[in-house]
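Structure record follows, encoded as structure tokens.
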Amino acid sequence: MGFDITYHPVSIDEMNKWFFEPIEALNNGDDSVLTGVIESQSDDFYAEKYEFILKDIASRYTEFPSEKGLLYAMANCIGLFQKYQYVRGSAFSFLIEREAVMDKYHTPWKDVIPGWVPEPESDLIAENYSSGIFIGPDRVKKLLADNQSDENVHRILLNFFGERNLEVFLKALNDAANMNSGLIEAAEVMEVNPFELNQSSCYSDIRNCDPEGAFIYQDVAMEQLKDATGMNADEIAQKVVYQKTDIDIPDSKEKNEKASESKKGILSRLFKKK
95 MGFDITYHPV SIDEMNKWFF EPIEALNNGD DSVLTGVIES QSDDFYAEKY
145 EFILKDIASR YTEFPSEKGL LYAMANCIGL FQKYQYVRGS AFSFLIEREA
195 VMDKYHTPWK DVIPGWVPEP ESDLIAENYS SGIFIGPDRV KKLLADNQSD
245 ENVHRILLNF FGERNLEVFL KALNDAANMN SGLIEAAEVM EVNPFELNQS
295 SCYSDIRNCD PEGAFIYQDV AMEQLKDATG MNADEIAQKV VYQKTDIDIP
345 DSKEKNEKAS ESKKGILSRL FKKK
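For what it's worth, the numbering used here labels the leading residue of the sequence shown as 95, then goes sequentially.
Structure, rendered in structure tokens:
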């Protein structure tokens, strides 16, 4: 039960070049933009997965809220191009809900996406398998600076993430800052099995995911299970079966009513795991 959170450095230009422009062209019957992106990548690029995701979401993106369709697909696509970080459960979206002062670092999606893209119903993560907030390039640098100079901001971050996971989140911010990029948050790009990391799954490129966050999750999960059961690591490996449950965060009106419909079919067709 819970959320597998990833953070993806990306600039707005890269969003357009790698995702929005190829999809818009596909919708106009032109696959040359998609082909051009693929041809500019190295031989080990997951071209088949990239093409599959873009063509499928281009044909069906109006069936889902943008945070469950287009923007979630974009996070998976960005992970095919460059390194990203994983943190178990620690979504900046959740921090904003807990500490409203941190919302100043959030860049609204409506200020970023092209005009033809429907605005998401929520900028924050509201359920599994969705995009979350975008932290724009200037706000990435501001958050890094404030973490160093503002004791209250540092305290909020440390209390929320914990020392080890904060290091991972700061690594994501620094990666973005060094590329003059922003940072996309998403839920369930990676699905980590803490008791058998080799059985983890990914809807993007698992090779681009820094493993540090998964190691932290494994350490924490192992210690919690040892304390609860008295089993050692070998016994846990033999006896424990990890099962994840999708979560809808309680919200108002029709969001929960739409949740099951939004999930239906999107994962079975939209993505191929690696």
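Note that the Cβ used here is the ideal one computed from N, Cα and C, for glycine as well.
Excluding the 5 residues preceding and the 5 following residue 271 in the sequence, name in chain order all residues of the same chain whose CB lies nearer than 7 Å to its CB.
234, 235, 238
Output the distance between the C-alpha atoms of residue 256 and residue 119, rounded to the nearest integer angstrom.
43 Å
Does residue 167 pass the burial test, meaning 16 or more other C-beta atoms within 10 Å, or should it be called exposed?
buried
Distance between beta carbons of residue 302 and residue 178, contact taken as under 8 Å
6 Å
For residue 198, tell me which candidate among 224, 181, 247 has the shortest Cα-Cα distance.
247
The beta strand (DSSP E) spanning residue 119 covers which residue range?
Element bounds for residue 119: not the beta strand (DSSP E) but the alpha helix (DSSP H), 115-121.
Is residue 122 buried or exposed, if buried means 16 or more other CB atoms sit within 10 Å of its CB?
exposed
When every heavy atom of the ligand ADP is checked, does at least one fall within less than 7 Å of the C-beta of residue 166?
The ligand ADP is not part of this structure, which contains no ligands at all.
Helix, strand or coil at residue 218 according to DSSP, with G and I counted as helix:
coil
Could you give the distance in angstroms between the alpha-carbon of residue 251 and the alpha-carbon of residue 244?
11 Å
Counting along the chain, where does the beta strand (DSSP E) carrying residue 226 start and finish?
224-229
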